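Below: the structure, in structure tokens.
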Amino acid sequence: MKLIKNAAGRLVPFVVNGQRQIPFKGVNKYKPDGVKAKPKISSCKDYPEDGNKVVRNLKEALKKAGIKNGMTISTHHHLRDGDALTNYLFDIVHELGIKNIRWFPSASFPVHEHLIKYLEDGTIHHIEGSMNGPLGRFTSEGKMKGVGVLRSHGGRYQAVQDGEAHIDIAVIAAPTADSFGNANGVTGKSASGLIGFALVDSEYAGKVIVVTDNLVPFPCVPWQIQGNNVDYVVQVDSLGDSTKIVSGTTEVTKSPDRLLIAEYVAQFIDEAGIMKNGFSFQAGSGGTNLAFVLYLKERMKAKGIKARFVRGGSTKYLVQLLEEGLTDYILDGQTFDLEGVRSMRENPNHVNTSPFISYNFHGKGNFASMVDVAVLGATEVDVKFNANVVSHSDGYLLHGIGGWQNCLYSKCSILAIPSFRDRIPVIIDEVTTLCGPGELVDVVVTERGIAINPLRKDLIKSMAKSSLPIKSIKEISDEVYSICGKPTKPKYDLSKVVAIVKWVDGTVLDSVFKLKSK
Amino acid sequence: MLKENVRSDCFFEIEPTNSGGIKLELKSKVAMLYGKSIKEQVEEMCMLFKLKNADILLEDFGAPPFVIAARFESAVKKIFPEGKEEFLLPFNKKNLYSSSKDKLRRSRLYLPGNEPKFLLNAGLHKPDGIILDLEDSVAPPEKAAARILVRNALRSVDFYDSERMVRINQLPLGLEDLEFVIPQNVHVILIPKCESADQIVEVDDQIKRIRHENNIKNEVYLMPIIESALGVIKAYEIASSVKNICALTIGLEDYTADIGTQRTLEGKESFFARSIIVNAAKAAGIQAIDTVYSDVADMEGLKQSVIEAKSLGFEGKGCIHPRQIPVIHRYFEPAPEEIEKAKKIVLAFEDAELKGLGVVSIGTKMIDAPVVKRAQRTIHQAVLNNLLDEDWKEK
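Residue numbers (the numbering used here), protein chains in the order written: chain A, 1 to 518; chain B, 519 to 913.
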């Protein structure tokens, strides 16, 4: 595989899975020309006049959709670790004897470990989206037939819109749908809030199948997915385990060290002058980020400050802000708990958004850059502020990018992270995998100190008199190494790229190499 | 122990053999990153302890080097109890700071002495003191391992300027603990269940001997803990037994059990004892420090308890969770209006002295001598709490 050094100094391949790639050119350097992908024109005459698109089962829908070897099939992660549909889908694909599928999920979860056998037997050729947990391990060990492609939520929209990735069949898990294909995520027993990640698939895929466990008579409102884009509707007993659909990292941390980080973040946002009337912020999921919302809330109340909008992933803590009048709106990309789902269903100021609205880099503007401050996580940050979210220092892929890359464009991006985890340094010399260029990372908050990117002279100036432990990032990494020792770097097989990391503009930011066995 | 909850710790199984050299089996979640350095450290330790042939199993959960060293030494000493060697990593230079007798001691954070995961980040929460506990938080079979771990922690872990304290076991076991900790720049020794001046003298003599033998210059202060009816009755005798006692404190769980009652939220049952502690401490010219507040989830209760303790004359409180620290600091420090009033009184007093006046007054109001004394103490506290510059009079 021929590799080239991109503008970030990382070795990346020219051709991936037979497709030409553009190496990363630098932040904001690459501007595409040309036209967007063009879906085929449909005629309503090819669809039942009574609007009833229900077919007997998923197998029949896939057959009608013309499933064949080498196609791209997309799914979505609204059901998170409770998703049973994707596993069921590939059981059928396997049963039909179809091979070499490009699976195009918006994210994968540990529950999808089930698919490893289909990656092994060639049913699935490779994954484009994210490779979490067991799938990441499988990929890192070089066992996947093709090369994995990691994209952000915005990058996924961009790739489909720009024609970089064509979806042949989209399978959309819809907590509620009607027989015409209108669908939403706010009602039904598998309610997950919204299904915005499936929007681009419904617009651009060759065939669109909506699968629901709550079929209602027309009209299904709100119609987050419009039936006019849908080919077939399938009814199933259950989309998955509803207790796991709304689950995961949605509880405030109890760890005193994480709470300290969260408190530092809130104090920083306050003292840097970001927290003022009409401001906006985004917090990711994860215990530290949730705790930060609580500390910021205390400060907002004490000073009588109100936000114009907050960005979700929403949780009960954001819903409380909305209901207590501390923000005018929640602009939500996904709901992380049942309170979020309820609020979205009941409160018109809790607005659902799609990656097109929130993150797509090739649009006429970018919501992400209008947010005053985004508080995010990372698996590693290096002394140049470059950051990683997909792999750990041992070289294994473990997480997806999510909206993380997109959020780095906010006016102030803050990574709130421990300086090390169980002897594994997080603040280090050089990231294992580059997911976010350092020039977009403004502040790193750890329990051992807060580092402001030297590029942000304004922030350095406004924090000059702060009582917070402001340090250089090098000081923090030195301290981490003095506690943990300096680790040995994992050994890679540089002849074998197992996955690539795309930047928000579709260029290739970094490669993940196969790990050499111990 | 549930292995899922283990962090920053490790377990050794050492089986001496007759030949074949050292065979190390390493199971570690950081094997890829630190496998090599862990193996090197184990080899070095085998050399020191003259272990030439052994099968060693190390199950590691991200333990830092000082923990690996402590666990290895404990395992070796189980096999060769008479061995005197110690495997000491270099003394962290950040740990060379000293303390003083009248240092601010608003908060002191108890850490169980045999639990590595709490040690590394404790100082980040900025308690005035950190207590590495060898007594009640360590189960009897773990006492020997805890001593070694605490010794290593005192050498390696940066406590970020918190006062370095150790609570030793009840005597006579506690006297043995001193051998391990006194050479490691420990600032304060807490002595549990004190009931007589003799006990304090015994501890003090032992410390003197160890300091002399090891040529240790820094002072080691003592904080006796009163935990029984007899201790309360003997409080002044204990508080004034030796000159380097810095504070007197009380343990209410044992005390209430001893007098045959239970702790209540209201605390009527311990009012007498706590007041005795304050009086004995003040009579001996040392600090009076209150017991711990044990409901870590109830911050409002903690706040009320601090306000109450301060009103009784206590200057500090124990804590068992880092989140309690900011609350304790905030409510022990003098309030802004207290400081403002104290400044006026102190200035008026100095003005009167300068003018040779016998009477201090502000406006038409006369100020009595005790009021001046209290104001001076408030100013002193304000300076210690960084609420007032030392040269505030010039400003």
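Built from N, CA and C at the ideal position, the CB exists for glycine as well.
All values derive from a computational prediction rather than experimental measurement.
* Decide if the region 672-688 of chain B is in contact with the region 642-653 of chain B; the criterion is three or more beta carbon pairs, one per stretch, under 8 angstroms apart. => yes
* For H847 of chain B, decide whether its Cβ has a neighbour in chain A, counting only Cβ atoms nearer than 8 angstroms. => no
* To do: Mark M519 of chain B as exposed unless 16 or more other C-beta atoms lie within 10 angstroms of its C-beta, in which case mark it buried.
  => Low confidence applies here, because M519 of chain B scores a pLDDT of 49, under 50, leaving its location unreliable and the question unanswered by this model.
* **Nonlocal neighbours in the same chain, by C-beta distance under 6 angstroms from A416 of chain A, ignoring five residues either side** => I261, V265, T288, V375 and V445
* To do: Verify the CB distance criterion: does N17 of chain A have a CB-CB separation below 8 angstroms to chain B?
  => no
* Would you verify that the beta carbon of I470 of chain A is, or is not, closer than 8 angstroms to some beta carbon of chain B? => no
* Asked: Taking 8 angstroms as the CB-CB limit, is D493 of chain A close to chain B?
  -> no
* **Secondary structure, beta strand (DSSP E): runs of 3+ residues fully inside the region 629-693 of chain B** => 647-651 and 681-685
* Within chain A, partners of L551 of chain B - CB distance below 7 angstroms -> S393, D394, I424, P487 and T488
* Asked: Which word fits L766 of chain B, buried or exposed, when buried means at least 16 other C-beta atoms lie within 10 angstroms of its C-beta?
  -> buried
* Asked: Which value, in whole angstroms, describes the spacing of the CA atoms of R258 of chain A and E447 of chain A?
  -> 7 angstroms
* Three-state secondary structure assigned by DSSP to F530 of chain B -> strand
* Work out the CA separation of S192 of chain A and A177 of chain A for me, nearest whole Å. => 13 angstroms
* **Other residues of its chain near W404 of chain A: CB distance less than 6 angstroms, five sequence neighbours each side excluded** => L376 and V389
* **Neighbourhood of T507 of chain A by C-beta, 7 angstroms cutoff - its chain only, sequence neighbours within 5 removed** => I22, P23, F24, K25 and Y30
* Exposed or buried, what is V548 of chain B when buried is set at 16 or more other beta-carbons lying within 10 Å of its beta-carbon? -> buried
* Asked: Any residues in the region 569-581 of chain B with a beta carbon nearer than 8 angstroms to a beta carbon of chain A? Which ones, in chain order?
  -> F579, G580 and A581
* Quick one: measure Cβ to Cβ for V211 of chain A and V236 of chain A, integer angstroms, because I've assumed they're closer than 8 angstroms. => 6 angstroms
* **From B:A747, B:L622 and B:A827, residue whose alpha carbon lies closest to that of A791 of chain B** => B:A747
* Is S837 of chain B helix, strand or coil by DSSP? -> Sequence check: residue 837 of chain B is Cys here, not Ser. Strand.
* **L62 of chain A in three-state terms, based on DSSP** => helix
* To do: Quick one: using the 10 Å Cβ neighbour count with 16 as the cut-off for buried, is F789 of chain B buried or exposed?
  => exposed
* To do: Enumerate, from N- to C-terminal direction, the unbroken alpha helix (DSSP H) stretches of 4 or more residues contained entirely within the region 817-880 of chain B.
  => 817-830, 842-850 and 854-872
* To do: Work out the CA separation of P222 of chain A and K554 of chain B for me, nearest whole Å.
  => 59 angstroms
* **S410 of chain A versus A:S358, A:M344 and A:T335, residue with shortest Cα-Cα distance** => A:S358
* **Within chain A, partners of K526 of chain B - CB distance below 8 angstroms** => Per the sequence presented here, residue 526 of chain B reads as Ser, with Lys not at that position. Within chain A, the residues near S526 of chain B are D422 and R423.
* **Residues that N639 of chain B contacts on chain A, provided the C-beta gap is smaller than 7 angstroms** => D257 and E447
* Which residues of chain A have a Cβ atom closer than 8 angstroms to the Cβ of K547 of chain B, listed in chain order? -> D422
* Asked: From the beta carbon of I541 of chain A, is the nearest beta carbon of chain B less than 8 angstroms away?
  -> Any answer about residue 541 of chain A is impossible in this case: the structure gives chain A only from 1 up to 518.
* Please confirm if the region 43-56 of chain A is in contact with the region 79-86 of chain A, defined as three or more CB-CB distances below 8 angstroms between the two stretches. => no
* To do: Look at I763 of chain B and S625 of chain B and say whether their C-beta atoms are less than 8 angstroms apart.
  => no
* **Opposing strand residues paired with T549 of chain A [DSSP bridges]** => Absent from the structure is residue 549 of chain A, since the part of chain A shown begins at 1 and ends at 518.
* To do: Count the other CB atoms, across all protein chains shown, that sit within 10 Å of the CB of A588 of chain B; report buried if there are 16 or more and exposed otherwise.
  => buried
* Which class does L455 of chain A belong to by DSSP, given the choice of helix, strand or coil? -> coil
* Provide the residue(s) that pair with K5 of chain A in DSSP beta bridges, ordered along the chain. => A:L11
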